[in-house]
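Structure representation (C-alpha cells):
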C-alpha cells in the first residue's frame, strides 16, 4: 500500500467509491451506491439525509460494523491507511483509538451488565495496556470532562441507573478516552429531549475545540447541521446529492432535493377560531394516577401522578398544541380527555357532562372523538388489510352499512388522505411511514369525528414527509370543521399547527396562551429554555 | 440480599403446603390402596393393617396428623418396605441421587454452554450444523434408550466400564449414568446458549464494543457471553427438575439405589407414603433451585439486584 | 436507530393491487426452508402410516402368533420352507402319527402320515390348529387308514418388523404405537393450548391485581414437581388414554400461559390496541380481533415444542409401566420393552425408536422453520 502523500497531511478520512450492499431473502439491496467524501483534520462534516439514505450504513461499513448480511466495497483511507478489507487485528488498531463512535440509542449502546466506569476504561485497557485500576484516574477525569456530577460515585453506576442524556455523556467520555483523531457521531441527539439535545451538542462542540479532533455528524436534522458543522454532505438513496460548506448549502443550494429539505421545515400559522365558537370538549382539573411498583403481598402501591390538575378547553375549529418533554404527561392528558384511562376531574363533550361515563356509555361517543398516534408502525394491526383497519370503526358505529357501502366509504377516505384506493387490499407492512400515517388518519376520519387528538403524529416521520402530513391535517380541519388537540415535543410543528399552546412539565401546566404570545414572549423560565433549545440551534 | 432470601423462603411455605395437600388428597381419593393385592387379605388382617397405618380414622384427622408429622420431617413408615420409615429410605437414597445429579448438572451446563457458544460463533457453518444435529438428537432420544445402548456398547461389548450398580462410587461406575442423565440437558443448554449468544452478538452494545476495537475475546466473553448466560441461568431450575425426573429412569436402568428408584418403586406399588415423601422432597429441591437461580440472576444482571 | 432502519424496504410495485399478508409471507419463507419442509413431509407420511397403515396389513395389533415368538424382521414370508418340515413334524408328533413324507409346493403342502393304528381323519384338525396350515384335507387313505395322504394350504405370514415376545406383529404394533403417541401428543398440546391461551390472554389483557393473582398461581404451580404429580395421578386414577393426555395437557399449559401473557402485555402497549379502544371496541372484540391473531405466531411455534415434549413425557410414563394398558401400546411403551431385550431382539427397540426419533426430529425442524418464518431475524 502506498501512502498518499497529500492524504496523510490533509485528510483524516478519505472515502472513494464506497458501496454497501445487503443480501436479503428478497434480493440484494444497494444501501450505498459508490460515494466519495473527505474529512479534514479538526473540521466537522455533517452527513445529512432522511431515513434510507444510507448515511449510517456508510460509516458502519467503513468501521467494519455492518450486519452479517452486509458487504462493503470501495476504498476508505484513514490517514492513508486503507480500512476496507483490513483484517480485524489491523482494524482494531484504528477503532477505538484513532476513530471512535457514538450512537443514537444511549439506552442500548452501553452494556447493561457492567458499570459505566468499567466500560469507559475498556478502550484504555485494551489499547493503552493499562490495568482497570490505573485507568480509574483517567475515567474520573473523563467523567468530569463530560459533565457528570459526582464522578466518584457515578463511576460505579450501571447504565440503567442513568438518564438518557447522562448515558450519552458516558458514551462521549468513552469516545474521548484515547483522544481520537476522528469522532463519528451517528444521530447523537435524536433520542433525547430538546433541552438535553442542546446540552449534548454544546458539550461536543466544546470538546472538539479542546481536543482538535475531526467530527463526522450523521443526522437528519438540518437545524443541528447549521449550528454545528463546517461542511455538509447531503445523501439520498445511497448517493451523494450535494456537498459544500454550510454557507453554500444553506444559502445557495443547487439541487432540488437539498432545496426541498431546507424548505420542509414546517411553516405557516393558524388563525384562532372566532370568539363565538362553542366549546366542544372541556376537561377541568384532570388528574391521572398510575400505580407503580408495590408488591402483591408486601408493601403498599406507590402512586405516580402523571397529570396533576390540568384544565383544557377546546373550541370548535380550534387547534390546541400541547408541548412538553418526555414524561411531562402530555400524552396521558390526551388520553384522559378522551376518557380512555381512569382519571378524575370534570369532563364535558358539547353540552353533555361525560364525567361519570363509563366505557359502555362512552362507546357511542367514540365516533366523534378520535385519536391518531405517533408510531405509524405500531398503530396499525399487522394482520389486517388496510381496508379492514379503516372500516373497523364503521362496523362498530354504523353496523347498518352493507359491505359495499363500507367499501365505498373506505375508498372515499383513502382518496381524501391522498392514497390510492387500491391500498385497501394491502397490508400495513407494505407502506412507508408517511403512507401509514395517512392510513391512520383515514381510520379516524372515516367516522367523521368532531374532535381529533393527534399524539405526536409527525414525530416519527422524515421532515419532508412531515410537511405533507401537516398540510393534509390542515386541509381536513378546514374541510370538516374539526377541532384538534395536537400533542408534540416539536416546537416548530406546534408553531405551524396550533393557535393556542399549553406548555407542560411534570404533569402540570407551566404556561399557556395564544401561540403567538407563547412563542414571542414566553414568561416562564422553562418555556424560555425550551424555545432557546429548539430555535437557537438554527 | 439476606432479606430477599428470607422472603423467598417464606413464600416457599405456601407452595410446599399446597404440594402436600394436593398429593395427600389425590392419594386418598384415588381408588385402590397399597393393600388391595391380587389375592384379597383376610378382613381381620386388613383391619389391623388399616389401624396400624391410621387409615381407619376420618380423612380430616389423617390429613392433620400427616401435616403435623411432615413438619417434623416424619413422613411415616413405608407401606411396602415395612421395616423402614420414609425418612430412612430417603436418607439412604439421597446421597447417591445428589452425587449423580450434581455431576450430570455440571457436565450438562459446562458442555452445553461451550458447545452452544462455538456453534453461535460459527453460525451456519458445518460445525454449527453438526452441533445442532447432535443436540437435536440428544433432546429427542429418550434416556431409557440412551442408557441401554451405552451399556451395550461400553459395558457389554467393550467392557470398559461396569454395566450398572454403584460399587464403591468410583468414577467408572458413574460415567455411564452421568452421561445418560446429562445428555438431554446438555442438548437443551447447547440450543439455548446458541440462540441467546446469537442474539447477544447482535445487540447494540456489542456493536459499541466492536467500534471501540476491543479484541474478539473481550467482545465475546466479557460482553456477549454474560448477557447470553442469563436465559441459560434461568433454565437451571427447570433443568434441575428434569434431572430429578431423569434420575428416576437412570437409577432404574443402572440399578443405583437412589431416591429416584424409590419413587418408581413406590409409584408402581402404590406405596402412598413413599410417593408422598419423594414428591415433597422434589418440591423442596425445585424451590431451592428456583431460589438459587434468582440469586445467580441477580449477581449476573445488575438490573434485578435484590438489596 | 438500529442497524436495519436505514436499509430501504422493498418498494411495492404499484400495479399490484392485492397485498401479501404477513402470514402469506411467513408461508413463503417456510416453504423455502428445506429442513422444515422435509420435516412436514416426513411427519405427514408417518401420520398416514400410523393411522391408515393398519387397513393395509392383515394382522391386528393384538393378534398373537404363538409359532412366531420374537421372530426377527424379514421380508421373506414365515415360516420358511426349511422350517416348515420341523413344524409339520411337531404337529405330527402332537397328533401321534409318524410323518413319512412332506413336501411344499407354492402355497399347498402334501404330507403322508402313518400310524400303527388306523388314523382318525378328524385328526387333521391338529394340522389346522397350527398357524401355518389351513384347510387340511385327506386326499387318499392307504393301508386301511393307517396311512393318510394329506393336502392343505400353507399359511404364510409376513413380519417385516418381526414379532414381539408374545408373537404379535411389530409392524401392527408400531402403527398402533404411532396412533397413540401422536394422538396423545396432539391432543395434550391442544388441551395446553386451549387452557394456556385463554388463561394467558385474560391475565395479560386485564392486568393489574387480576394479573398478579393469576401469575402468582402459575408461579406456585411451577414449583410443583409436575412430572411427579402426573405419575401420582396416573398411578391413583388408572391408566386410561384420556386421563393421560388430559393430565399431560394440564401440566404443559403453564409455559403457554406465560408466553401468551407476555405477548399480550407487549401487544397492549402497541398503539393499534389503543386505536381499537379509541374506536370503541369492547374488550372481547379487542381480544378476539387484535390480541389473539397477533399471538398466533409464537403460539404455533410453541406448540411444535410442546408436542415432542408430551410424546417424551408419555414415553416416560410408559417406561414406568404407567402408559396405556396392553394390548394397546405407544412408541414409548414399545421402546421401553425393546430396550430390555435389546441384545436378544434388537428389532424390538430399533423399529419403534426409528419412528419415534424421526417424528421428534421432524417436529423440531418444523418448529425451527416456523420460528424463522414467523420471526425473520438473522438467526
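Residue numbers (the working numbering), protein chains in the order written: chain A, 1 to 538; chain B, 539 to 845; chain C, 846 to 1224.
Idealized CB from N, CA, C, for every residue including glycine.
Same chain, Cβ closer than 6 Å to residue i, five either side skipped, listed in chain order
i	result
residue 1208 of chain C	1149, 1152 and 1153
residue 10 of chain A	none
residue 296 of chain A	Legend: pLDDT at residue 296 of chain A = 43, less than 50; position of this residue unreliable, no value from coordinates given.
residue 298 of chain A	Model confidence at residue 298 of chain A stands at a pLDDT of 43, short of 50, so the residue's coordinates are unreliable and nothing is read from them.
residue 1098 of chain C	1037, 1040 and 1041
residue 548 of chain B	none
residue 1092 of chain C	1075 and 1078
residue 352 of chain A	none
residue 368 of chain A	449 and 450
When the options are compared against residue i, the one with the closest alpha-carbon
i	options	result
residue 56 of chain A	A:226, A:260, A:102 and A:75	A:102
residue 435 of chain A	A:375, A:106 and A:220	A:375
residue 192 of chain A	A:355, A:325 and A:394	A:325
residue 967 of chain C	C:951, C:904, C:940 and C:978	C:940
residue 416 of chain A	A:478, A:402 and A:359	A:478
residue 280 of chain A	A:426, A:350, A:255 and A:346	A:350
residue 448 of chain A	A:480, A:469, A:440 and A:228	A:480
residue 104 of chain A	A:133, A:485, A:190 and A:438	A:190
residue 529 of chain B	C:1063, C:1114 and C:1162	Outside the modelled stretch of chain B, which goes from 539 to 845, sits residue 529 of chain B, for which no answer is possible.
residue 35 of chain A	A:464, A:21 and A:44	A:21
residue 303 of chain A	A:125, A:510, A:291 and A:31	A:291
residue 250 of chain A	A:239, A:113, A:231 and A:237	A:231
Proximal residues of chain A, C-beta to C-beta of residue i below 7 Å
i	result
residue 1138 of chain C	383
residue 1115 of chain C	378
residue 1122 of chain C	340
residue 765 of chain B	113
residue 769 of chain B	Per Cβ cutoff of 7 Å: no residues; residue 769 of chain B is ~14 Å from chain A at best.
residue 904 of chain C	Correct list: empty, because the minimum Cβ distance to chain A is about 49 Å.
Spatial neighbours of residue i in its chain, beta-carbon cut-off 7 Å, leaving aside the 5 residues before and after
i	result
residue 533 of chain A	194, 195, 197 and 198
residue 313 of chain A	279 and 282
residue 661 of chain B	736
residue 305 of chain A	287, 289 and 507
Contact set between residue i and chain C, taken where Cβ atoms lie within less than 7 Å
i	result
residue 363 of chain A	1125
residue 556 of chain B	1065
Nearest-angstrom beta carbon gap, residue j and residue i [assumed within contact, 8 Å]
i	j	result
residue 1201 of chain C	residue 682 of chain B	No, residue 1201 of chain C and residue 682 of chain B are not in contact; Cβ-Cβ is about 11 Å, not under 8 Å.
residue 1033 of chain C	residue 1090 of chain C	4 Å
residue 642 of chain B	residue 726 of chain B	Actually they do not touch by this definition, with Cβ atoms about 12 Å apart.
residue 483 of chain A	residue 318 of chain A	5 Å
residue 515 of chain A	residue 528 of chain A	Their Cβ separation, rounded to whole angstroms, is 16 Å, which puts residue 515 of chain A and residue 528 of chain A out of contact at 8 Å.
Proximal chain A residues relative to residue i, where beta-carbon distance stays under 8 Å
i	result
residue 1119 of chain C	335, 340, 371, 373 and 379
residue 754 of chain B	88
Where residue i meets chain B, residues with beta-carbon distance less than 8 Å
i	result
residue 1188 of chain C	690 and 694
Amino acids of chain B, ordered along the chain, whose beta-carbon sits closer than 7 Å to that of residue i
i	result
residue 1205 of chain C	678
residue 1076 of chain C	805
residue 1202 of chain C	678 and 679
Same chain only: Cβ atoms within 8 Å of residue i, ignoring 5 sequence neighbours per side
i	result
residue 1211 of chain C	881, 884, 885, 888 and 1149
residue 67 of chain A	22
residue 203 of chain A	146, 147, 169 and 172
Partners in chain B for residue i, counting only beta-carbon separations shorter than 9 Å
i	result
residue 105 of chain A	742
Which full runs of the alpha helix (DSSP H) of 4+ residues lie inside the region 898-951 of chain C, going along the chain? 926-939
So within the region 747-795 of chain B, which uninterrupted beta strand (DSSP E) runs reach at least 3 residues, ignoring any that extend past its ends? none
Ordered list of beta strand (DSSP E) runs contained in the region 790-839 of chain B, each at least 3 residues: none
Give, in chain order, every unbroken run of the alpha helix (DSSP H) that is at least 4 residues long and sits entirely within the region 213-260 of chain A. 222-228 and 246-251
Complete runs of the alpha helix (DSSP H) confined to the region 96-156 of chain A [at least 4 residues]: 116-128, 132-145 and 151-154
In the region 942-1020 of chain C, which residue ranges form an unbroken alpha helix (DSSP H) of at least 4 residues, counting only runs that do not cross its ends? 969-974
Could you name each continuous alpha helix (DSSP H) segment of 4 residues or more that falls completely within the region 319-368 of chain A, going from the start of the chain to the end? 330-337 and 359-362
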